[in-house]
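Peer 1: Have a look at this one before I ask anything.
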Amino acid sequence: MGISRTIPALLTALIFLIFMLALPGSEARCALHLVNITGFHYWSGPDHTRLVLDMQREAAYKAFSLQRPLRLVIDLPNAKINIQKTNIPIGDRIVKGVRFGVFAPGTIRMVVDLKIQIQRRIFVLKPFQGRPHRLVVDLSSPELARKEAAQRKNFKIKERHRAKVVVIDPGHGGEDPGAIGRRGTREKDIVLSIARQIKKMLDGKRGFRVFLTRDGDYYIPLRKRYELAQELGSHVFISLHCDAHRNRNARGASVYTLSTGGATDEAARLLAHKENASDQVAGIFQSSDTLNTILLDLVQTHNLNESLRFGEMVLGRLRRVNSLKFSEPRQARFMVLKAPEIPSILVELGYLSNRRDERSLRNKRFRTRLSGALVQAIEKYFSDRSPPSSSPPKPPSHRYHVVREGETLWRIAHLYNVELTELRKLNHLSVREGIRIGQRIRIPVKR
Ligand SMILES: [Zn+2]
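First residue of the sequence shown? That's 1039 in the working numbering, and the numbers climb one at a time after it.
What follows is the structure in structure tokens.
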């Protein structure tokens, strides 16, 4: 009896002893398992704020809201923090500031002091394009978004018929820096600076109103960019970008328009793919491809022709400032150019991967000249056009089809239900002449 009692007691003591001895080691092992928070960033848009925590690996989190005062609390168990400032004033339209602290051993608490009621979306992003694991906290205000949308609608009703509305879209922003040059020049900064200059120059002229899709360092989803232009009743849309290529000799400016079929060439297709990946870099998840047809309606064909005409004018002016990579607009499926009723182009201003182009783009005077060239092209585009009030635009007599792999002229004729001979005549193609991938074939429009 006595013995059977002592043995469990001894065992307990032994286990306790082992546990005590093992403690420093296990604590050290535990500390190794803590997820290290290595950075904090934030970006403020007009109706949203994005907070991002850089983490060494994926971490668990728990979020909840508190009222009076309004706060969002995010607890990260099994985490430690390694950032310089743990109390960060923000002071934008949504967030007062962010504080970090150790809530319990091994638990980091992040408190977001809020100005207004928000909708939150919290998610984890895996490493992508050199960025580490991230915890993304998107805070949006439906009320602010509604106000902004109402202002755009109001503008469209009041101003659109009085002025030419130009929407400039500085590519990338926030979490997505775009291309980065050898000297650390970021595409998102260069294009914003040029967009602001264009706005300043054009707003000073009569008959123009310019809007920027973003006027700060934050990200906007690609679809939202052209939707903003649609809400404003934009007459023309220009998305600004800088290129980068492994071949560091590649340089010069180029202009792109939307292709609803294939791309004009492989390089254009790859470029569109790269620019379209912007949403992914910024952690936007939505299926974005809404245009999936090669049979276009009249509005869109007319619009694509207008985009090409505008693109040609832009190239004509840009060549006075920078060398051109391609002397004609190229076409590919750029997500951001998909507003079917607005002539839209994407301008690659130069290559940040090229030493000379990067030096130029960093230079304020060069950027002013580039902006001036774009302003001249915009003015020319509208002055060359007959005023829509006096004569409505004639519906075009033809539309375009971009030849894709495996297609023959016969197949295209069949697809659009036109005579092969008619197609040959319209495109000045002899019987023997073949067609090549990326070639633009005129298709007669039947009335
Ligand atoms: Zn870009």
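Quick reminder that beta carbons are idealized off the backbone N, C-alpha and C, glycines included.
Compute the Euclidean distance between the alpha carbons of residue 1329 and residue 1418, then round it to the nearest angstrom.
Peer 2: Unreliable placement is indicated for residue 1329, whose pLDDT of 43 sits below 50; the coordinate value is still reported in the next sentence. Roughly 30 Å separates the two Cα atoms.
Peer 1: What number of angstroms, rounded off, separates the C-alpha of residue 1422 from the C-alpha of residue 1095?
Peer 2: 57 Å
Peer 1: What first and last residue would you give for the alpha helix (DSSP H) that runs through residue 1314?
Peer 2: 1304-1314
Peer 1: What is the DSSP secondary structure of residue 1389, counted as helix, strand or coil?
Peer 2: Here residue 1389 sits in strand by DSSP.
Peer 1: For ligand 1, is there a heavy atom less than 7 Å away from the beta-carbon of residue 1279?
Peer 2: yes
Peer 1: Does ligand 1 have a heavy atom nearer than 7 Å to the CB of residue 1211?
Peer 2: no
Peer 1: To the nearest angstrom, how far is it from the Cα of residue 1461 to the Cα of residue 1474?
Peer 2: 15 Å
Peer 1: Closer than 6 Å by C-beta to residue 1407: which residues in its own chain qualify, once you throw out the five before and the five after it? Chain order, please.
Peer 2: 1359
Peer 1: Out of 1371, 1447, 1321, point me to the one whose CA is closest to residue 1088's CA.
Peer 2: Cα-wise, what sits closest to residue 1088 is 1321.
Peer 1: Alpha carbon to alpha carbon, how far is residue 1300 from residue 1470? Give it in angstroms, no decimals.
Peer 2: 24 Å
Peer 1: If distances are taken between C-alpha atoms only, which option among 1110, 1398, 1393 comes closest to residue 1153?
Peer 2: Ranking the options by Cα distance to residue 1153, first place goes to 1110.
Peer 1: Classify residue 1278 as helix, strand or coil using the three-state DSSP reduction.
Peer 2: strand
Peer 1: Could you check what DSSP says for residue 1318 in three-state terms: helix, strand or coil?
Peer 2: Three-state result, residue 1318: helix.
Peer 1: Run through DSSP, which three-state label would residue 1156 get?
Peer 2: coil
Peer 1: For the beta strand (DSSP E) holding residue 1207, just list the boundary residues, first then last.
Peer 2: Start and end: 1202-1208.
Peer 1: List in chain order: all unbroken alpha helix (DSSP H) runs of 4+ residues lying wholly within the segment 1189-1274.
Peer 2: 1225-1241, 1260-1270
Peer 1: So the candidates are 1149, 1119, 1158, 1159; which of them puts its Cα closest to the Cα of residue 1143?
Peer 2: 1119
Peer 1: Using three-state DSSP, classify residue 1095 as helix, strand or coil.
Peer 2: coil
Peer 1: According to DSSP, simplified to helix, strand and coil, what is residue 1377?
Peer 2: coil
Peer 1: Report buried or exposed for residue 1472, applying the criterion of at least 16 other Cβ atoms within 10 angstroms of its Cβ.
Peer 2: exposed
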